[in-house]
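Q: Residue numbers (the numbering used here): 550 to 731.
Even for Gly, the Cβ is constructed at its ideal location relative to N, Cα and C.
Computed from a prediction, not measured in an experiment: that's the story for all the values here.
My questions will all concern the structure given below.
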């Protein structure tokens with residue numbers, strides 16, 4: 550009985566420590582990845598600004614090629630939106646809307662994940678001597694839930710590799726000789 554009591558008190562103490570530590574963890578999480586691609590900024594910008602072109606480079610489209618897509622609003626730019634529907638557990642269902650589009654400079658989006666909240670993503674484009682530097686940033690608020698805050702600590706390691714794959718896919722698309730006419 551003493552052993553069970555010690556185990557119970559140890560678990561209770563560990564839970565209390567984890568709860569107290571969670572109060573000091575950030576609720577806002579940011580994931581950032583960048584790449585330089587050998588293509589004009591206008592070509593790179595168009596691949597991100599025109600949502601139907603995402604099928605060529607988005608890392609999540611490669612995870613589930615059977616994903617269903619629907620588009621709303623304009624073809625690209627502010628208020629363009631697409632919805633995705635997938636049975637794959639790593640993709641799920643959701644939507645992405647372009648909130649702001651500043652030609653060849655920046656695109657701001659809102660991603661809504663069914664049952665998992667939302668996040669903001671930003672794409673910045675910078676002309677460099679080597680081509681175009683694109684920076685993909687995601688910001689999300691994990692709230693005050695202690696489990697959410699601990700999950701937020703792992704988000705960079707979970708989403709960052711997807712961003713890296715997406716940027717590599719984007720590089721492959723825009724560095725092809727025919728990229729300017731797609």
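Entirely within the stretch 581-623 and at least 4 residues each: give me those alpha helix (DSSP H) ranges in chain order.
A: The qualifying runs are 590-598, 608-612.
Q: Verify whether the separation of the beta carbon atoms of residue 722 and residue 633 is less than 8 Å.
A: Not in contact: residue 722 and residue 633 (Cβ atoms no closer than 8 Å).
Q: If you scan the stretch 672-726 from start to end, which runs of the beta strand (DSSP E) of 3 or more residues do you find wholly inside it?
A: Those beta strand (DSSP E) runs which fall completely within the stretch 672-726 and span 3+ residues are 680-690.
Q: Would you mind reading off the limits of the beta strand (DSSP E) that contains residue 657?
A: Residue 657 -> beta strand (DSSP E) spans 655-662.
Q: Grab me the residues of residue 730's own chain with a C-beta within less than 8 Å of its C-beta, minus the 5 sequence neighbours each way, in chain order.
A: Per-residue confidence for residue 730 stands at a pLDDT of 48, beneath the threshold of 50, marking its modelled position as unreliable; no derived number is given.
Q: Report yes if the CB atom of residue 627 is closer than 8 Å to the CB atom of residue 595, and no otherwise.
A: Against a cut-off of 8 Å, the Cβ pair of residue 595 and residue 627 comes out as no contact.
Q: Which one of 636, 683, 624 has the shortest CA to CA distance from residue 663?
A: Nearest C-alpha to residue 663: 636.
Q: Please classify residue 598 as buried or exposed, where buried requires at least 16 other C-beta atoms within 10 Å of its C-beta.
A: Burial call: buried.
Q: Per DSSP, which residues does residue 556 bridge with? Please list them.
A: Looking at the DSSP assignment, residue 556 forms no beta bridge with any residue, so it has no partner.
Q: Excluding the 5 residues flanking residue 553 on each side, which residues of the same chain have their C-beta closer than 6 Å to its C-beta?
A: Taken in chain order, the list of residues that qualify is empty.
Q: Would you tell me roughly how many angstroms separate the C-alpha atoms of residue 656 and residue 556, rounded to the nearest one?
A: Approximately 53 Å, taken between the alpha carbons.
Q: Could you tell me if residue 617 is buried or exposed, where buried requires 16 or more neighbouring beta carbons within 10 angstroms of its beta carbon?
A: Burial call: exposed.
Q: Contact between the stretch 669-689 and the stretch 582-593: three or more CB pairs below 8 Å?
A: Touching, per the Cβ criterion.
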